[in-house]
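Undergrad:
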Amino acid sequence: SQQGEEDPQALSIQEGENATMNCSYKTSINNLQWYRQNSGRGLVHLILIRSNEREKHSGRLRVTLDTSKKSSSLLITASRAADTASYFCATEGAGSYQLTFGKGTKLSVIP
Amino acid sequence: NAGVTQTPKFRVLKTGQSMTLLCAQDMNHEYMYWYRQDPGMGLRLIHYSVGEGTTAKGEVPDGYNVSRLKKQNFLLGLESAAPSQTSVYFCASSPAGSGASLFGPGTRLTVL
Numbered sequence: 001s002q003q004g005e006e007d008p009q010a011l012s013i014q015e016g017e018n019a020t021m022n023c024s025y026k027t028s029i030n031n032l033q034w035y036r037q038n039s040g041r042g043l044v045h046l047i048l049i050r051s052n053e054r055e056k057h058s059g060r061l062r063v064t065l066d067t068s069k070k071s072s073s074l075l076i077t078a079s080r081a082a083d084t085a086s087y088f089c090a091t092e093g094a095g096s097y098q099l100t101f102g103k104g105t106k107l108s109v110i111p
Numbered sequence: 001n002a003g004v005t006q007t008p009k010f011r012v013l014k015t016g017q018s019m020t021l022l023c024a025q026d027m028n029h030e031y032m033y034w035y036r037q038d039p040g041m042g043l044r045l046i047h048y049s050v051g052e053g054t055t056a057k058g059e060v061p062d063g064y065n066v067s068r069l070k071k072q073n074f075l076l077g078l079e080s081a082a083p084s085q086t087s088v089y090f091c092a093s094s095p096a097g098s099g100a101s102l103f104g105p106g107t108r109l110t111v112l
């Protein structure tokens with residue numbers, strides 16, 4: 001069964017707006033990762049946040065992690081048309097070698 | 001570095017045929033993974049390997065076998081393909097310990 005669940009399933013915004021995606025998970029984790037997938041392509045790693053971290057930034061990306069609520073959010077600021085893609089959260093379970101993926105959020109950025 | 005490569009990119013099989021998907025990485029990563037992705041779904045782990053000569057089952061291992069004879073290669077085999085195995089297959093690798101996975105471009109498999 002899938003550990004992470006993203007919300008919303010789909011999001012459509014205008015270029016320049018911010019996009020926020022949420023991820024909830026069920027069990028204890030070592031870390032949580034966000035990936036992007038352009039249509040028909042492989043996944044690209046965006047950012048990793050460890051269980052003892054609360055917030056992390058990378059360029060226009062900001063990720064938060066709340067382990068008490070078992071949830072994370074990904075914020076993309078000043079979105080661009082090129083940000084159009086599906087975004088997946090993935091959790092590495094405590095003591096596990098495996099990543100468990102959610103079903104993703106499909107983001108459309110309208111020029 | 002080429003990163004993670006997958007062979008073939010596309011394949012059409014008939015029910016009952018067998019095939020092997022090849023994944024190769026030149027990053028000297030210890031861990032390698034095979035996932036499948038179905039429409040509207042995230043990735044589900046089929047099998048994984050934490051080192052040369054070792055393999056383990058993931059979430060959906062039935063109908064698949066794997067081998068990791070060399071550190072840089074991870075093979076996924078379908079002994080008797082079924083239509084339910086129609087999917088896009090992704091290979092990934094990562095360094096030992098917690099870290100980001102590097103994904104291949106995928107193999108689109110159709111079983112008729």
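Note that the protein sequences, when read in sequence, are chains U and V.
Per the working numbering, the first sequence starts with residue 1, numbered consecutively.
Per the working numbering, the second sequence starts with residue 1, numbered consecutively.
For each residue, glycine too, the CB sits at the ideal point set by N, CA and C.
Nothing here was measured: the structure is a model prediction, and the numbers come from that model.
Measuring straight from C-alpha to C-alpha, what distance separates LEU45 of chain V and THR54 of chain V?
TA: As a working note, residue 45 of chain V is residue 45 in the second sequence. As a working note, residue 54 of chain V is residue 54 in the second sequence. Rounded to whole angstroms, LEU45 of chain V to THR54 of chain V spans 16 angstroms at the Cα level.
Undergrad: Does any C-beta atom of chain U lie closer than 7 angstroms to the C-beta of VAL50 of chain V?
TA: Along the second sequence, read from residue 1 onward, the residue named residue 50 of chain V stands at position 50. So, interface residue.
Undergrad: For SER1 of chain U, is the classification buried or exposed, using 16 other Cβ atoms within 10 angstroms of its Cβ as the cut-off for buried?
TA: Here residue 1 of chain U refers to the residue found at position 1 when the first sequence is read from its first residue. Low local confidence applies: a pLDDT of 45 at SER1 of chain U is under 50, so the model's placement there is unreliable, with the coordinate-based value given in what follows. Answer is exposed; the Cβ neighbour count stays below 16.
Undergrad: Can PHE90 of chain V and TYR31 of chain V be called in contact, C-beta distance under 7 angstroms?
TA: For the purposes of this step, residue 90 of chain V is taken as residue 90 along the second sequence, with counting starting at 1. For the purposes of this step, residue 31 of chain V is taken as residue 31 along the second sequence, with counting starting at 1. No, they are not a contact pair.
Undergrad: Starting from PHE90 of chain V, find everything on chain U with Cβ-Cβ shorter than 8 angstroms and list it in chain order.
TA: Taking the first residue of the second sequence as position 1, residue 90 of chain V is located at position 90. By Cβ distance, chain U contributes GLY42, LEU43.
Undergrad: Spatial neighbours of LYS69 of chain U within its chain, please: C-beta separation below 7 angstroms, excluding the five flanking residues on both sides.
TA: Position 69 of the first sequence, counting from 1, holds the residue named residue 69 of chain U. Cβ within range, chain order: n/a, list empty.
Undergrad: 7 angstroms is my cut-off, CB to CB: does GLY106 of chain V come that close to chain U?
TA: If you number the second sequence from 1, residue 106 of chain V lands on position 106. So, interface residue.
Undergrad: Compute the Euclidean distance between the alpha carbons of GLY51 of chain V and GLN25 of chain V, then round it to the nearest angstrom.
TA: Here residue 51 of chain V refers to the residue found at position 51 of the second sequence. Here residue 25 of chain V refers to the residue found at position 25 of the second sequence. About 13 angstroms.
Undergrad: Going by beta carbon distance, what residues of the same chain come within less than 8 angstroms of ASP66 of chain U, once the five residues before and after it are set aside?
TA: As a first step, residue 66 of chain U must be located in the first sequence, where it is residue number 66. ARG54, SER72, listed in sequence order.
Undergrad: Just to confirm my understanding: we take ASP7 of chain U, look at its own chain, exclude 5 residues before and 5 after, and list those with CB closer than 6 angstroms. What are they?
TA: Here residue 7 of chain U corresponds to residue number 7 of the first sequence, with the count starting at 1. Taken in chain order, the residues that qualify are ASN22.
Undergrad: Exposed or buried, what is GLY104 of chain V when buried is set at 16 or more other beta-carbons lying within 10 Å of its beta-carbon?
TA: Sequence index remark: in the second sequence, residue 104 of chain V carries index 104 (1-based). Counting Cβ neighbours within 10 Å, GLY104 of chain V comes out buried, since at least 16 surround it.
Undergrad: Between the alpha carbons of ALA61 of chain U and GLU92 of chain U, how many angstroms are there, rounded?
TA: Here residue 61 of chain U refers to the residue found at position 61 of the first sequence. Here residue 92 of chain U refers to the residue found at position 92 of the first sequence. Checking the sequence, you will find Leu at residue 61 of chain U rather than Ala. Computed Cα separation, rounded: 20 angstroms.
Undergrad: ILE110 of chain U and GLN14 of chain U - do their beta-carbons sit closer together than 7 angstroms?
TA: The residue labelled residue 14 of chain U in the question sits at position 14 within the first sequence. The residue labelled residue 110 of chain U in the question sits at position 110 within the first sequence. Against a cut-off of 7 angstroms, the Cβ pair of ILE110 of chain U and GLN14 of chain U comes out as a contact.
Undergrad: Scan the stretch 86-99 of chain U for residues whose Cβ lies nearer than 7 angstroms to a Cβ of chain V and list them as they occur along the chain.
TA: Listed by position, the residues of the stretch 86-99 of chain U near chain V (Cβ gap below 7 angstroms) are PHE88, GLU92, TYR97, GLN98, LEU99.
Undergrad: For a cutoff of 7 angstroms on Cβ pairs, would you count GLY59 of chain U as touching chain V?
TA: As a working note, residue 59 of chain U is residue 59 in the first sequence. GLY59 of chain U does not count as touching chain V.
Undergrad: At the 7 angstroms Cβ level, is GLN103 of chain V part of the contact set with chain U, yes or no?
TA: Residue mapping note: residue 103 of chain V aligns to position 103 of the second sequence, counting from 1. Note that residue 103 of chain V is Phe in the sequence shown, not Gln. So yes, PHE103 of chain V belongs to the interface.
Undergrad: GLN2 of chain U by DSSP, collapsed to three states: which one?
TA: Walking along the first sequence from the start, residue 2 of chain U turns up at place 2. Confidence at GLN2 of chain U is low in this model, with a pLDDT of 47, below 50, so the placement of that residue should be treated as unreliable; the coordinate-derived value is given next. The answer is coil: DSSP assigns GLN2 of chain U none of H, G, I, E or B.
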